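Protein sequences appear in the order of chains F and H.
Per the UniProt record's numbering, numbering of the first sequence is gapless, rising by one per residue and ending at 400.
Per the UniProt record's numbering, numbering of the second sequence is gapless, rising by one per residue and ending at 187.
Positions of the beta carbon are idealized from the N, C-alpha and C atoms, including for glycine.
Bear in mind the structure is a predicted one, so any value in this text is a computation, not a measurement.
For reference, the structure discussed in these notes is given below.
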Amino acid sequence: MNLPRLYHRLRLTVVQVRSLHGSSNVQQVETAAVAAESDPVSSQFSVFRTSENDPACHTDLHAGQYYTLPTAQLRTLFPHGLPYRFQMQIKTFNEACVMVRQPALELISYLKKADYSRPALRYILYGETGCGKTMSLCHALHFCATQGWMVLHIPDAHLWVKNCRELLPSSSRPGRLDQPLQASLWLKNFKTTNDRFLSKIKTTQRYVWTKRETTEEGRPLGELVDQGVARVKSSSDVVGALLRELRLQAGGAAEGAFRLAVAVDGVNALWGRTTLKKEDKSEVLPEELTLVHNLRKMLRNDWSGGAILTTLSHTGSLYKPRSAYLPMELLGEEGFDTMDPFVPVPVSSYTEKEFESCYLYYMDRHWLQHPHSQTEEGKKELIFLSNRNPSILERLCATL
Amino acid sequence: MPELEVTFTVTVMKSVTLQEVNLNSTLCNYYFFSVNSKFINMIMQDGNKVLSTEIVTQTLEAIKRKQVEKYHKAPAAEREAIECNPYTIFHQALENCKPVIGLANIQKGSRTYQVPIPLTEKRRRFLAMKWIITECRDNKHRRTHMYEKLSQELLSAFANEGNVIKRKHELHKMAEANRAYAHFRWW
Chain F
1 MNLPRLYHRL
11 RLTVVQVRSL
21 HGSSNVQQVE
31 TAAVAAESDP
41 VSSQFSVFRT
51 SENDPACHTD
61 LHAGQYYTLP
71 TAQLRTLFPH
81 GLPYRFQMQI
91 KTFNEACVMV
101 RQPALELISY
111 LKKADYSRPA
121 LRYILYGETG
131 CGKTMSLCHA
141 LHFCATQGWM
151 VLHIPDAHLW
161 VKNCRELLPS
171 SSRPGRLDQP
181 LQASLWLKNF
191 KTTNDRFLSK
201 IKTTQRYVWT
211 KRETTEEGRP
221 LGELVDQGVA
231 RVKSSSDVVG
241 ALLRELRLQA
251 GGAAEGAFRL
261 AVAVDGVNAL
271 WGRTTLKKED
281 KSEVLPEELT
291 LVHNLRKMLR
301 NDWSGGAILT
311 TLSHTGSLYK
321 PRSAYLPMEL
331 LGEEGFDTMD
341 PFVPVPVSSY
351 TEKEFESCYL
361 YYMDRHWLQH
371 PHSQTEEGKK
381 ELIFLSNRNP
391 SILERLCATL
Chain H
1 MPELEVTFTV
11 TVMKSVTLQE
21 VNLNSTLCNY
31 YFFSVNSKFI
41 NMIMQDGNKV
51 LSTEIVTQTL
61 EAIKRKQVEK
71 YHKAPAAERE
81 AIECNPYTIF
91 HQALENCKPV
101 IGLANIQKGS
111 RTYQVPIPLT
121 EKRRRFLAMK
131 WIITECRDNK
141 HRRTHMYEKL
151 SQELLSAFAN
161 EGNVIKRKHE
171 LHKMAEANRA
181 YAHFRWW
């Protein structure tokens, strides 16, 4: 039974039925007509791929299909945001294809409809391990970038609360601890993503870093970032200053107005415990870390002109049971109260249609090499073994 | 090929670790089970079978990744020639490493002679696997992972290059050089 051919026939009949019923949405009919015309030309792979590469135009029609991220822009868009296995996949398949899924579409529709003169809305993507929260976040960030927003992406907040080689006592405030390596690395990546904004935005205050180094009022933000990258010792304070400036100036009425998308992956790290220890072997609380303290201020909804997109993540979280995935369990009392008016977006495993699409994509890319996996029986075994969980399916198919 | 019937009851599985899933999936690979499991046992140290199966699965994945990457970057004319199935590459590499003839120490009088003898299939397979594993353990850079070293060695053996193939050829040359003593063999 030739599955792609069957889907192709089913899809054609669905398209015809839809146009017969006379849908009121002109765009849908147009896309359906275009799809019906181009189907004979690109019949075999139109089932799981779509040529619509602009996230703003993705609708429910494209749900379950793969769209391609342009390789030229990948380095600037996501210098540090994509999951490691996905980066390996991009290298192997020579292209970056992301599946359009329901949670990402929901998030993008909220972003389109929100009122940006009101305080920033907080969105939390939650779900079981390996269901696609980070990828949905990256899809939404691609949408923000194509709309010309400024993107503030913290790829994994857990990296700031564990495995830190150098913990310096803060130069500006007693009782706080700096993390120069993490801060300077993040600043470098921030600069790659948002280069074009940095020359336009100006500082509103004079910052004194040491006795000899200051940043005057009215200097472009690019100088601030360069200061942090060059002088690694004060980079955590630079991050704090940068966040403060962006908070004050996002969505202003001036002609240099921009919208700010704050994206934090693994936001539950900010309110959990850390594995870092001070010199007297006592545990460091997250509030005592400069980076975490400033990021928490950013996540409060007292600024307007942007959106706060976050993900809960259990992998990488510290001292949490393996079955925890709900916001209450992972954020804890304190975190939940701070994030409280938020929009929850649940992310679940693949539906049947999405699983089919993923399977066909792997077949197209010659990823499933074992002869048994290319049969119907093998597909049923894959469904059983992975329970349609995207990351487990990906690791299984890698070994086959 | 013995038909292994894998029956399973359909139950709802919640979160499963990758190690549990991988042990289940080798049941499905019944076609390649026998050779793969011998290799896994030979890599195993201190009875740590979990670690050695992980290494072998990571090796197969690394081989597949390299070949699929090469496949996608090659122009359409060369794509047919690139082999992407890690299992066939593993088998072919092993075949290429198997020596045809071996040497045995036979004592005649007070002297021990290196006599060329035919090898059984089991011995040939054992020698090929042993050479691959010792080559990867001893002669490679300390900081690369075992699966990385193994995948490099297997891919070069597939193309009939590399240190293991050289070792096989040296054994053949020694046997050819000592063919005068072949009549010392009595079996």
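Whole-angstrom distance between residue j and residue i, CA atom to CA atom
i: F:Gly-64; j: F:Phe-384; result: 20 Å
i: H:Ile-63; j: H:Ser-151; result: 6 Å
i: H:Ala-104; j: H:Tyr-147; result: 33 Å
i: F:Phe-48; j: F:Ser-199; result: 41 Å
i: H:Met-44; j: H:Thr-57; result: 13 Å
i: H:Arg-124; j: H:Ile-133; result: 14 Å
i: H:Val-72; j: F:Ser-172; result: The sequence given here places His at residue 72 of chain H; Val does not occur at that position. If I take the Cα positions, the gap works out to 53 Å.
i: F:Ala-257; j: F:Cys-358; result: 40 Å
i: F:Leu-74; j: F:Ala-96; result: 9 Å
i: F:Tyr-207; j: F:Tyr-116; result: 29 Å
i: F:Val-14; j: F:Tyr-110; result: For F:Val-14, the predicted model reports a pLDDT of 47, less than 50, meaning its position is unreliable; a value from the coordinates is still stated below. Their Cα atoms are separated by approximately 28 Å.
i: F:Pro-286; j: F:Gly-132; result: 27 Å
i: F:Ser-24; j: H:Ile-89; result: Caution applies to F:Ser-24, whose pLDDT of 40 falls short of 50 and renders its modelled position unreliable; the model cannot decide the point.
i: F:Glu-354; j: H:Phe-158; result: 37 Å
i: H:Ala-180; j: H:His-169; result: 19 Å
i: F:Pro-169; j: F:Glu-288; result: 10 Å
i: H:Lys-178; j: H:Ile-165; result: The amino acid at residue 178 of chain H is misidentified as Lys; the sequence shows Asn. C-alpha separation (whole angstroms): 20 Å.
i: H:Val-100; j: H:His-172; result: 8 Å
i: F:Lys-113; j: H:Ala-74; result: 45 Å
i: residue 452 of chain F; j: F:Leu-61; result: There is simply no residue 452 of chain F to check, as chain F begins at 1 and stops at 400 in what is shown.
i: F:Asp-226; j: H:Glu-78; result: 47 Å
i: F:Arg-247; j: F:Trp-271; result: 21 Å
i: H:Leu-127; j: H:Met-42; result: 11 Å
Per-residue burial, residue i [other beta carbons within 10 Å of its own, 16 or more giving buried]
i: F:Lys-337; result: With the sequence shown as reference, residue 337 of chain F is identified as Asp, and Lys is not the correct amino acid for it. Looking at its Cβ environment, which holds fewer than 16 other Cβ atoms inside 10 Å, F:Asp-337 is exposed.
i: H:Ser-25; result: Note that H:Ser-25 scores a pLDDT of 48, beneath 50, so its modelled location is shaky and nothing firm can be said.
i: H:Asn-160; result: exposed
i: H:Gln-107; result: exposed
i: F:Gly-22; result: Low per-residue confidence applies at F:Gly-22: pLDDT is 39, beneath 50, and the placement is therefore not dependable enough to give any value.
i: H:Val-50; result: exposed
i: H:Tyr-87; result: buried
i: H:Trp-186; result: exposed
i: F:Asp-237; result: buried
i: H:Asn-36; result: buried
i: F:Ser-282; result: exposed
i: F:Ser-373; result: buried
i: F:Ser-51; result: exposed
i: F:Asp-195; result: exposed
i: F:Pro-321; result: exposed
i: F:Tyr-319; result: exposed
Candidates the options, of which the one nearest residue i by Cα
i: F:Ile-90; options: F:Glu-356, F:Gly-240, F:Leu-368 and F:Thr-71; result: F:Thr-71
i: F:Ala-250; options: F:Gly-222, F:Met-298, F:Pro-55 and F:Pro-341; result: F:Met-298
i: F:Gly-306; options: F:Arg-118, F:Thr-192, F:Val-98 and F:Leu-77; result: F:Arg-118
i: F:Ala-241; options: F:Leu-276, F:Val-267 and F:Leu-295; result: F:Leu-295
i: H:Asn-85; options: F:His-370, F:Thr-274, F:Asp-340 and F:Val-151; result: F:His-370
i: F:Met-150; options: F:Ser-373, F:Leu-243, F:Gly-378 and F:Pro-321; result: F:Leu-243
i: H:Ala-175; options: H:Ile-55, H:Glu-69, H:Phe-90 and H:Leu-119; result: H:Leu-119
i: F:Asn-53; options: F:Thr-59, F:Ser-46, F:Leu-69 and F:Thr-275; result: F:Leu-69
i: F:Asp-156; options: F:Arg-196, F:Glu-287, F:Gly-266 and F:Val-239; result: F:Gly-266
i: F:Met-328; options: F:Phe-93, F:Gly-127, F:Leu-309 and F:Ala-261; result: F:Gly-127
i: F:Leu-185; options: F:Gly-378, F:Met-99 and F:His-153; result: F:His-153
i: F:Leu-304; options: F:Ala-269, F:Thr-375, F:Thr-203 and F:Ala-261; result: Residue 304 of chain F is actually Ser in this sequence, not Leu. The candidate whose alpha carbon is nearest that of F:Ser-304 is F:Ala-261.
i: F:Leu-331; options: F:His-158, F:Ala-398, F:Asn-194 and F:Thr-290; result: F:His-158
i: F:Asp-340; options: F:Leu-312, F:Asn-301 and F:Leu-181; result: F:Asn-301
i: F:Ile-201; options: F:Glu-213, F:Thr-214 and F:Gly-222; result: F:Gly-222
i: F:Val-229; options: F:Arg-247, F:Cys-57, F:Phe-190 and F:Arg-196; result: F:Phe-190
i: H:Gln-65; options: F:Ser-386, F:Lys-380, F:Leu-368 and F:Glu-381; result: The amino acid occupying residue 65 of chain H in the given sequence is Arg; Gln does not appear at that position. For the residues F:Ser-386, F:Lys-380, F:Leu-368 and F:Glu-381, the minimum Cα distance to H:Arg-65 belongs to F:Leu-368.
i: F:Ser-136; options: F:Lys-278, F:Lys-188 and F:Thr-310; result: F:Thr-310
DSSP beta-bridge partners of residue i
i: F:Lys-202; result: F:Pro-220
i: F:Asp-265; result: F:Thr-311
i: F:Phe-342; result: F:Arg-122
i: H:Ile-101; result: H:Pro-118
i: F:Thr-68; result: F:Cys-97
i: F:Asp-178; result: F:Leu-168
i: H:Lys-108; result: H:Arg-111
i: F:Gly-127; result: F:Val-347
i: F:Leu-289; result: F:Leu-177
i: F:Lys-191; result: Beta-bridge pairing links F:Lys-191 to no other residue.
Where residue i meets chain C, residues with beta-carbon distance less than 7 Å
i: H:His-72; result: The structure shown contains no chain C; the protein chains it does contain are F and H.
Proximal residues, the region 43 to 70 of chain H versus chain F, C-beta separation under 8 Å: Thr-57, Leu-60, Glu-61, Lys-64, Arg-65, Val-68 and Glu-69
Residues of the region 77 to 91 of chain H with Cβ closer than 8 Å to any Cβ of chain F, in chain order: Cys-84, Asn-85, Pro-86 and Tyr-87
Proximal residues, the region 296 to 328 of chain F versus chain H, C-beta separation under 8 Å: Arg-322 and Ser-323
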